[in-house]
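Comments concern the structure below.
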Amino acid sequence: SSSSSSSSSSSSSSSRNETVVRYLIVYVSYIDKVNKNGKTPLFNVCKSINVSALVKYLNELEEDIIKENFVYRTPFHETCRSGNTDIVKIIS
Numbered sequence: 347s348s349s350s351s352s353s354s355s356s357s358s359s360s361s362r363n364e365t366v367v368r369y370l371i372v373y374v375s376y377i378d379k380v381n382k383n384g385k386t387p388l389f390n391v392c393k394s395i396n397v398s399a400l401v402k403y404l405n406e407l408e409e410d411i412i413k414e415n416f417v418y419r420t421p422f423h424e425t426c427r428s429g430n431t432d433i434v435k436i437i438s
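Numbering (the numbering used here), first residue to last: 347 to 438.
This is how it looks when you write it as structure tokens:
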């Protein structure tokens, strides 16, 4: 029963991440719009949540995920800095 709880929790978390990603991309801001630091919304998403849903969604949209900020970093760099090696493997 503990493993079914954990599986259910993982599934719920994945679904929630995908919902957050879609909301951020579609409703909050344009994916290419930069803030005062030159970061697109992807920078914050890549370092703050499990972004496997984001990668899948961006592949479907064929968005440019390598846009650099003012210090020449990309969302990929933010993902590396966050230590999310699974996502680094997916988007590299």
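For glycine and all other residues, C-beta sits at the position ideal for the given N, C-alpha and C.
Check                                                                          : Outcome
Helix, strand or coil at V434 according to DSSP, with G and I counted as helix : helix
CB of K385 within 8 Å of CB of N430, strictly                                  : no
Closest residue to P421 among K382, V434 and L388 (Cα-Cα distance)             : L388
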